[in-house]
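Reading through the structure tokens given below for one structure.
Numbering (our numbering), first residue to last: 270 to 1118.
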């Protein structure tokens, strides 16, 4: 381990009493106006390449060197701009400082915030000869030898200001920064260990629907996640053409533009250990690297959220949906359709390449709020988030994360969370200093490494990230000039800690915020500073061990009230419980054991929703809808009203499974509103249906009384719990006659037949005689016989005059007539199905008893 010898000079412990000076503040920027023609010596204002294109009145672009020695030449460069609506002239830029260093880190904060008097010692100054028209800017450079500054306090951090004034308009702007001074001394180096976050809030609600459409842009070389990946790799920039050796050949083929299914529940996330189809390609040589690897890169430990990796993988796997802005109608956000993201495939390929060898820490899936889950009787979800997180990392990065490393949400944890993480193999915990605070009497920054007692096992190690350094690392570095000031503050903060003279080896853990958004020059500059500053020595997080000094300097494990109050609230967790109950009903219908909505539920349990309750509520609502849609995908297809024209009949009920990836086993339940009028016989209640399949269940019906009733049908699991709240109702109209009426009608028919039989015989005889006489010729007596027959008063029609009246014959009412229906669920379905029971994927199965 590299050490720098200590020369023994002692930093001054007090600052000379100074006259109170009013701190100079930056002049407010005026409204943007069209710049006038530039005067000689002035340059037009050019928008910064950073996201913030506002042109500040004063910018420091570079301070060299960061660590000033006795023989150094201090150079400060930057630019001054006219942000007013009028030309300004007589501009002077000057440097001011103090002869003695700041006393401690509190004084450093006060100077940075402008709450302490401004430095009074005059340094070099420079005049801008030309007048600046509105919108124009001019560069400046301030240069001075360190020995001419006459710094008298030795090794330490000296306050520095750069201000600009104008003879025309007075004060233009002022910037506060720092000058770390080594005074030629060698001091024992602080070990620093980097935790480099690749993390973001959950981007999806259900597996195919994203909460917004911003993630692909974040994955480019200019996006937040792209910049973090490139800077942390210390290996050049993201190559937008590189999608990995296993995908290079596939990229030459036409892009799959198949539209995604609008049913989110139809394609839950594949198991993390399954290789996506688009990755199963022939290996080819990878694209050339954009820059050579550094000979000795700064050791870092990557911290990844497996849920984010899963979100990125899904972007590149195929079409997906994203929520748009909520319409004013209050009907909820509309969904926009997108094609697969090439940016996602490129980012993930680089992550596999650059994270292959470095230490890797994985949070639980979606960085779940473990304390809140354990306190809300959701222990199974807490455990599942750890297990699924590790499986996802292994499946998507092709390597395992170190199970001994844990970084709980916001760096805090209660005892239950500690015990859960320890039970899953964690022995080293990255914590915020509020979780393991320093002793109140301690007069310096304690070492990060300390012992952490864990019940029923050997003590673990706590690596405590200093909150002040975390705040410094997370400072704005995107605005013009802010990266230079932020890097200088980092150098000053670490120099101040080193100058505290604690008298023992100490380690600092550098853990930026989880949503860290540094500019590229700031991120790479921090790693360079870690390597170059003489009071720092970069080490791997895995090499840091607990020491007695760090343990004695800290109190025990604490769970701050602020962290407890920030947990997911009771309303959010109650809605999670409701969703979990519906998910359990859905899972109970699956033929194979599975939990396809598990990732979606874990995403709504994320600790990220502590700070964004509105978006968390939107995610809850969308997941709840997706689960309901999944349950409703297994349903009875409703039919038209049916008429039962006899005492007995058979009803065909069609049950469908619209899920594309899962077989289901369900139980059909049917009951009649009026069982005395219409009863239901024995039928096949349980059935297995493959993905996208249908099956027909034949249900015998028996009527006792004419009239109308309704059949209620629903699907249940094996325990009799309804899969969905929805019920199918089919009206049934019974028109068959009762038994007594059928007997009377049958007797009347017999009487009628007996009465009409003689007449029918005589008529048949006459017809036969007439035919014979016609064949023999005219009969002279035929007229008399006909007249006698006409005047007889008797004959065939006389049977209608005997007072018995006509009767209509009817069929035996005991005969079974099948129920008729025009709906596919009716009897017509019988012709479309095979007369066997069982399950048949993609088709219709006959379950006739």
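Where a beta carbon is used, it is the ideal one built from N, C-alpha and C, also for glycine.
Between the CA atoms of residue 586 and residue 635 - distance to the nearest angstrom: Walking along the chain shown from the start, residue 635 turns up at place 366. Walking along the chain shown from the start, residue 586 turns up at place 317. If I take the Cα positions, the gap works out to 19 Å.
Cα-Cα separation between residue 476 and residue 578, rounded to whole angstroms: In the chain shown, residue 476 corresponds to position 207, counting from 1. In the chain shown, residue 578 corresponds to position 309, counting from 1. Distance between the alpha carbons of residue 476 and residue 578: 13 Å.
Same chain, Cβ closer than 6 Å to residue 507, five either side skipped, listed in chain order: The residue labelled residue 507 in the question sits at position 238 within the chain shown. In the same chain as residue 507, and ignoring 5 residues on each side of it, the C-beta atoms closer than 6 Å to its own belong to 490, 495, 499 and 619, in chain order.
Endpoints, alpha helix (DSSP H) assigned at residue 623: Within the chain shown, numbered from 1, the residue matching residue 623 stands at position 354. 611-623 is the extent of the alpha helix (DSSP H) around residue 623.
CB contact flag (residue 623, residue 502, <8 Å): Against the chain shown, residue 623 aligns to sequence position 354. Against the chain shown, residue 502 aligns to sequence position 233. Yes, these two residues count as a Cβ contact at 8 Å.
Segment contact, 8 Å Cβ cut-off, at least three pairs: the region 456-473 with the region 386-399: With a cut-off of 8 Å, the region 386-399 and the region 456-473 do not count as touching, because too few Cβ pairs lie within range.
Residue nearest to residue 336 in terms of C-alpha spacing, selected from 774, 710 and 757: Here residue 336 refers to the residue found at position 67 of the chain shown. Nearest option by C-alpha distance: 757.
Neighbour-count burial assignment, residue 824, 16 or more Cβ in a 10 Å radius: In the chain shown, counting from the first residue as 1, residue 824 sits at position 555. Burial state of residue 824 is exposed, judged by a 10 Å Cβ sphere holding fewer than 16 other Cβ atoms.
Contained alpha helix (DSSP H) runs [length at least 4] in the region 379-462, N- to C-terminal order: For the region 379-462, the full-length alpha helix (DSSP H) segments reaching 4 residues or more read 415-418 along the chain.
Own chain residues within Cβ distance below 8 Å of residue 940, not counting five before or after: By one-based count along the chain shown, residue 940 stands at place 671. Hits under 8 Å: 949, 980 and 981.
Euclidean distance between Cα positions of residue 801 and residue 726: In the chain shown, the residue the question calls residue 801 occupies position 532. In the chain shown, the residue the question calls residue 726 occupies position 457. Roughly 40 Å separates the two Cα atoms.
Nearest-angstrom Cα separation, counted from residue 878 out to residue 888: One-based indexing of the chain shown puts residue 888 at position 619. One-based indexing of the chain shown puts residue 878 at position 609. CA-to-CA, the gap between residue 888 and residue 878 works out to about 10 Å.
Contacts around residue 328, its chain only, beta-carbon distance under 7 Å, and the 5 residues preceding and following it disregarded: Reading the chain shown from its first residue, position 59 is the one you call residue 328. Scanning its chain for C-beta atoms nearer than 7 Å, with the 5 sequence neighbours on each side dropped, one finds around residue 328 the residues 347, 348, 749 and 750, in chain order.
The region 640-655 in contact with the region 825-844 per 3-pair CB rule at 8 Å: Taking a contact to require three or more Cβ pairs closer than 8 Å, the region 640-655 and the region 825-844 qualify as touching.
Under the three-state DSSP convention, the category residue 866 falls into: Against the chain shown, residue 866 aligns to sequence position 597. Secondary structure at residue 866: coil, using DSSP grouped into helix, strand and coil.
Of the residues 701, 637, 737 and 869, the one placed nearest residue 378, counting alpha carbons only: As a first step, residue 378 is located in the chain shown; it is residue number 109 there, counting from the start. Taking only the C-alpha atoms, the option nearest residue 378 is 737.
Neighbour-count burial assignment, residue 1031, 16 or more Cβ in a 10 Å radius: For the purposes of this step, residue 1031 is identified with residue 762 of the chain shown, where counting begins at 1. Counting Cβ neighbours within 10 Å, residue 1031 comes out exposed, since fewer than 16 surround it.
Three or more C-beta pairs below 8 Å linking the region 443-461 and the region 422-429: Flag = yes, the region 443-461 and the region 422-429 touch.
Rounded straight-line distance, which links the Cα of residue 566 to that of residue 702: Counting from one through the chain shown, the residue named residue 702 turns up at place 433. Counting from one through the chain shown, the residue named residue 566 turns up at place 297. Going by the C-alpha atoms only, they are around 28 Å apart.
Cut-off 6 Å between Cβ atoms - residues of its own chain near residue 574, not counting five sequence neighbours on either side: As a working note, residue 574 is residue 305 in the chain shown. Once the five neighbours on either side are set aside, the close Cβ partners of residue 574 are 468, 632 and 636.
Chain-order list of residues whose beta-carbon lies under 8 Å from that of residue 325 (same chain, five-residue window excluded): Within the chain shown, numbered from 1, the residue matching residue 325 stands at position 56. So the qualifying residues of the chain are 295, 298, 350, 352, 442, 748, 749 and 750.
Spatial neighbours of residue 674 in its chain, beta-carbon cut-off 6 Å, leaving aside the 5 residues before and after: Sequence index remark: in the chain shown, residue 674 carries index 405 (1-based). So the qualifying residues of the chain are 630 and 697.
Residue 968 and residue 924 closer than 8 Å at C-beta: Taking the chain shown and counting its residues from 1, the one referred to as residue 968 is at position 699. Taking the chain shown and counting its residues from 1, the one referred to as residue 924 is at position 655. At least 8 Å separates the beta-carbon of residue 968 from that of residue 924.
Coarse secondary structure for residue 747, derived from DSSP in three states: Here residue 747 refers to the residue found at position 478 when the chain shown is read from its first residue. Per DSSP, reduced to three states, the secondary structure at residue 747 is coil, with no helix or strand assignment.
Segment contact flag, the region 856-874 with the region 807-814, C-beta cutoff 8 Å, min 3 pairs: Taking 8 Å as the limit for Cβ pairs, the verdict is that the region 807-814 does not touch the region 856-874.
Residue 995 burial status per 10 Å Cβ neighbour count (16 or more: buried): Working through the chain shown from its first residue, we reach residue 995 at position 726. In the assembly as shown, residue 995 is an exposed residue. Its beta-carbon has fewer than 16 other beta-carbons within 10 Å.
With 16 other Cβ atoms within 10 Å as the buried cut-off, status of residue 900: Walking along the chain shown from the start, residue 900 turns up at place 631. Buried, by the Cβ-count rule.
Cα-Cα separation, residue 705 to residue 365: As a position in the chain shown, residue 705 is number 436, starting the count at 1. As a position in the chain shown, residue 365 is number 96, starting the count at 1. A straight-line Cα-Cα distance of about 39 Å links residue 705 and residue 365.
Residue nearest to residue 983 in terms of C-alpha spacing, selected from 955, 972, 961 and 1004: Locating residue 983 in the chain shown gives position 714, where the first residue counts as 1. If you compare the alpha carbons of 955, 972, 961 and 1004 with that of residue 983, the shortest gap goes to 955.
Contact belief for residue 869 with residue 895 at Cβ below 8 Å, rounded distance in angstroms: Stepping through the chain shown from its first residue, residue 869 is reached at position 600. Stepping through the chain shown from its first residue, residue 895 is reached at position 626. Here residue 869 really is in contact with residue 895; their C-beta atoms are around 7 Å apart, less than 8 Å.
Beta strand (DSSP E) segment containing residue 729, residue limits: On the chain shown, position 460 is the one that residue 729 refers to. First-last of the beta strand (DSSP E) with residue 729: 729-734.
Simplified DSSP state of residue 799, which is helix, strand or coil: As a first step, residue 799 is located in the chain shown; it is residue number 530 there, counting from the start. Of the three classes helix, strand and coil, the one that applies to residue 799 here is helix, per DSSP.
C-beta contact flag for residue 926 and residue 961 at 8 Å: Taking the first residue of the chain shown as 1, we reach residue 926 at position 657. Taking the first residue of the chain shown as 1, we reach residue 961 at position 692. When the beta-carbon positions are compared, residue 926 and residue 961 come within less than 8 Å of each other.
Whether residue 852 touches residue 568 by CB criterion (8 Å): The residue you call residue 852 lines up with position 583 of the chain shown. The residue you call residue 568 lines up with position 299 of the chain shown. For residue 852 and residue 568, no; Cβs fall outside 8 Å.
Coarse secondary structure for residue 470, derived from DSSP in three states: One-based indexing of the chain shown puts residue 470 at position 201. Residue 470: coil per DSSP, three-state reduction.
Range covered by the beta strand (DSSP E) that runs through residue 776: Locating residue 776 in the chain shown gives position 507, where the first residue counts as 1. From DSSP, the beta strand (DSSP E) with residue 776 extends over 776-779.
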